[in-house]
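Take a look at the structure set out below.
Chains as they are written, first to last, in UniProt numbering: chain A, 1 to 284; chain B, 1 to 284.
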């Protein structure tokens with residue numbers, strides 16, 4: 001038998017993975033979730049037909065969305081994570097003893113339940129006693145929170161379907177208000193390479209840039225996401241990620257398979273065509 | 001009609017591109033060459049069923065294989081390019097007025113002929129009067145050349161088929177001898193992500209490391225190559241690419257769509273798992 005999972009990266013580009021077995025097909029009120037077992041990527045799951053997490057390379061995404069802000073400000077105590085029902089982001093956060101509270105807002109309880117059953121290596125994060133899970137809409141949750149969080153991580157799906165509200169001006173404005181004066185906002189920022197993703201990236205950057213004095217973009221190699229060239233947004237009221245204390249982070253002794261403090265600075269050095277896209281977005 | 005070009009990135013991973021038209025299917029004594037027209041990537045060609053050059057993203061590969069060594073030593077005068085029948089590497093080299101001579105050794109004349117006809121934007125490089133083309137085996141060409149070249153760029157196919165010899169110890173040793181005492185060797189270094197490519201990367205690094213006092217690896221996002229995470233090897237007798245004069249390169253006023261002098265340093269900052277692979281290779 002040949003069984004292939006295929007994902008359209010654009011109308012004209014298809015990425016396919018040979019499947020050993022489909023383990024689950026389920027549907028919540030928000031989205032379709034499917035779990036597969038494969039040789040190359042191990043187990044992985046998709047939401048509405050888009051790969052979210054694979055056992056092989058989830059460490060790249062989770063390293064980069066967590067350790068970049070945590071190394072920038074080692075005094076982060078209160079964290080809000082929006083999305084992230086797989087638990088990988090929380091797993092990385094929970095390695096920091098200095099963090100006191102991690103609120104996780106996931107709109108879809110089914111994602112958490114499925115990950116608890118099928119992805120113990122990521123969902124282990126939810127077992128940390130500092131974690132509180134809210135099954136709510138992140139857009140609503142973040143309204144009128146006061147300045148409560150030192151870090152907000154938006155670990156969302158793409159800006160269509162349930163993740164759509166997490167790319168709006170209203171949302172970024174409320175995140176700004178929910179952050180302390182030391183506050184940092186990190187979000188997954190789509191890809192610069194295929195035009196529909198690049199437009200999402202430009203829109204997100206333009207909106208974040210309107211609220212935050214510091215708004216940078218950094219990159220990582222994530223082979224199972226469209227084009228493999230993935231971006232993150234780093235927005236901040238005070239801390240510049242390029243001026244950080246690498247020694248302090250290295251003294252924590254955290255083992256990571258992707259992130260390191262050389263890469264911390266280097267990942268903010270973008271190719272010219274990406275810089276041009278981001279500049280263009282400001283003139284829209 | 002639906003027409004799809006598919007490439008196996010591993011036995012279990014397939015990358016497919018919707019094709020408007022196949023423009024050419026031909027075969028030399030060395031390999032099969034096919035030319036396609038697509039919406040997403042424009043025109044592209046494959047050798048033995050592997051994508052070599054697409055109009056959409058060839059600038060990434062050619063920027064990174066040329067401008068990194070040229071910015072490291074702006075006094076490079078004599079260059080040898082091995083492979084590179086498409087002309088893109090030569091096109092970027094020919095933008096430097098300081099270069100006096102560019103020898104290009106391509107084993108397969110058909111590649112050059114096809115690119116002259118179908119890829120005017122890359123093959124334009126061959127029209128520079130400083131370029132001399134040799135249709136020979138690069139492995140043989142580089143034997144007993146004396147110390148003649150300031151830079152050798154190995155713009156090869158993968159280490160199977162006609163490109164195989166360009167990943168051997170004998171070849172790297174002869175490159176070392178063919179370089180002046182200022183000499184730099186840059187080669188395409190495969191990908192760290194899928195295991196068969198990672199093994200090629202490790203072998204190449206181990207062998208280069210045995211000859212050159214400075215042997216570093218740098219990375220780029222090339223979405224049409226397997227995993228999109230592509231590496232280059234930088235080996236050198238004297239010049240460390242991390243100690244370069246960015247001002248001097250920027251004063252040249254060359255417009256580039258990927259390379260810039262921030263990225264020059266940043267691209268040498270590798271993820272931990274890649275560093276570990278490279279370290280392992282030395283202990284083999």
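Each residue gets a CB set at the ideal place from its N, CA and C atoms; glycine is no exception.
Within chain B, the residues that residue i reaches when beta carbons sit closer than 8 angstroms
| i | result |
| --- | --- |
| residue 229 (chain A) | 221, 223, 228 |
Rounded separation between residue i and residue j - CA only
| i | j | result |
| --- | --- | --- |
| residue 103 (chain A) | residue 35 (chain A) | 26 angstroms |
| residue 225 (chain B) | residue 100 (chain A) | 43 angstroms |
| residue 203 (chain B) | residue 281 (chain B) | 7 angstroms |
| residue 66 (chain B) | residue 77 (chain A) | 46 angstroms |
| residue 236 (chain A) | residue 267 (chain B) | 25 angstroms |
| residue 277 (chain A) | residue 111 (chain A) | 33 angstroms |
| residue 270 (chain A) | residue 69 (chain A) | 18 angstroms |
| residue 238 (chain B) | residue 180 (chain A) | 50 angstroms |
| residue 126 (chain B) | residue 8 (chain B) | 31 angstroms |
| residue 51 (chain B) | residue 33 (chain B) | 10 angstroms |
| residue 274 (chain B) | residue 64 (chain A) | 15 angstroms |
| residue 31 (chain B) | residue 172 (chain B) | 24 angstroms |
| residue 208 (chain A) | residue 279 (chain A) | 13 angstroms |
| residue 6 (chain A) | residue 13 (chain A) | 10 angstroms |
| residue 215 (chain A) | residue 176 (chain A) | 12 angstroms |
| residue 211 (chain A) | residue 87 (chain B) | 46 angstroms |
| residue 85 (chain A) | residue 60 (chain A) | 17 angstroms |
| residue 62 (chain A) | residue 156 (chain A) | 12 angstroms |
| residue 136 (chain A) | residue 191 (chain A) | 27 angstroms |
| residue 72 (chain B) | residue 247 (chain B) | 11 angstroms |
| residue 252 (chain B) | residue 148 (chain B) | 25 angstroms |
Alpha helix (DSSP H) segment containing residue i, residue limits
| i | result |
| --- | --- |
| residue 199 (chain A) | 195–211 |
| residue 37 (chain A) | Residue 37 (chain A) -> not in any alpha helix (DSSP H); beta strand (DSSP E) instead, spanning 32–38. |
| residue 91 (chain B) | 88–93 |
| residue 279 (chain B) | 272–282 |
| residue 59 (chain A) | 58–72 |
| residue 263 (chain A) | 261–266 |
| residue 118 (chain B) | 109–118 |
| residue 134 (chain A) | Note, residue 134 (chain A): premise wrong, no alpha helix (DSSP H); beta strand (DSSP E) at 131–134. |
| residue 139 (chain A) | 138–141 |
| residue 250 (chain B) | 246–251 |
Rounded Cβ spacing between residue i and residue j (contact assumed at less than 8 angstroms)
| i | j | result |
| --- | --- | --- |
| residue 272 (chain A) | residue 256 (chain B) | 6 angstroms |
| residue 151 (chain A) | residue 184 (chain A) | 5 angstroms |
| residue 233 (chain B) | residue 283 (chain B) | Contact flag wrong, Cβ pair sits at about 18 angstroms. |
| residue 189 (chain A) | residue 231 (chain A) | 4 angstroms |
| residue 129 (chain A) | residue 98 (chain A) | No, residue 129 (chain A) and residue 98 (chain A) are not in contact; Cβ-Cβ is about 15 angstroms, not under 8 angstroms. |
| residue 134 (chain B) | residue 114 (chain B) | The Cβ separation is near 18 angstroms, so there is no contact. |
| residue 95 (chain B) | residue 124 (chain B) | Not a contact, Cβ separation roughly 11 angstroms. |
| residue 158 (chain A) | residue 200 (chain A) | 7 angstroms |
| residue 145 (chain B) | residue 178 (chain B) | 4 angstroms |
| residue 174 (chain B) | residue 142 (chain B) | 5 angstroms |
Interface partners of residue i on chain A, CB under 9 angstroms
| i | result |
| --- | --- |
| residue 14 (chain B) | 4, 6, 14, 15, 16, 17, 18 |
| residue 272 (chain B) | 63, 255, 256, 257, 258, 259, 260, 263 |
Closer than 7 angstroms at the beta carbon, the chain B residues around residue i
| i | result |
| --- | --- |
| residue 10 (chain A) | 40 |
| residue 198 (chain A) | Result: empty, since nearest Cβ-Cβ is about 12 angstroms, beyond 7 angstroms. |
| residue 286 (chain A) | No answer is possible for residue 286 (chain A): it lies beyond the span of chain A, which begins at 1 and ends at 284. |
Contact list for residue i against chain A, beta-carbon separation under 7 angstroms
| i | result |
| --- | --- |
| residue 193 (chain B) | 223 |
Continuous beta strand (DSSP E) stretch holding residue i: start and end
| i | result |
| --- | --- |
| residue 20 (chain A) | 13–27 |
| residue 49 (chain B) | Run containing residue 49 (chain B): none; DSSP gives neither H nor E here. |
| residue 169 (chain B) | From DSSP, residue 169 (chain B) is part of no beta strand (DSSP E) but of the alpha helix (DSSP H) over 169–178. |
| residue 8 (chain A) | 4–10 |
| residue 83 (chain A) | 78–83 |
| residue 236 (chain A) | 229–236 |
| residue 101 (chain A) | 101–105 |
| residue 150 (chain B) | 149–155 |
| residue 221 (chain B) | 214–221 |
Under 9 angstroms by beta carbon: chain B residues contacting residue i
| i | result |
| --- | --- |
| residue 215 (chain A) | Within chain B, no residue comes near residue 215 (chain A); the closest Cβ sits about 17 angstroms away, beyond 9 angstroms. |
Check: residue i C-beta below 7 angstroms from any heavy atom of the ligand FMN
| i | result |
| --- | --- |
| residue 77 (chain A) | The ligand FMN is not part of this structure, which contains no ligands at all. |
Is the number of C-beta pairs between the region 193–211 of chain B and the region 261–271 of chain A that are closer than 8 angstroms three or more?
no
Is the region 78–85 of chain B touching the region 143–162 of chain B in the sense that three or more CB pairs, one from each, lie closer than 8 angstroms?
yes
contact_flag[the region 29–45 of chain B, the region 8–21 of chain B] where n(CB pairs < 8 angstroms) is 3 or more
yes
Take every Cβ of the region 161–174 of chain B, pair it with every Cβ of the region 240–249 of chain B, and state whether three or more of those distances are shorter than 8 angstroms.
Too few Cβ pairs lie closer than 8 angstroms, so no.
Per the contact definition of three or more C-beta pairs closer than 8 angstroms, is the region 24–33 of chain B in contact with the region 211–225 of chain B?
By the Cβ criterion, the region 211–225 of chain B is not in contact with the region 24–33 of chain B, since fewer than three pairs of Cβ atoms, one from each stretch, lie closer than 8 angstroms.
Across the region 113–120 of chain A and the region 44–61 of chain A, are there enough close Cβ pairs to call them in contact, namely three or more that are closer than 8 angstroms?
yes
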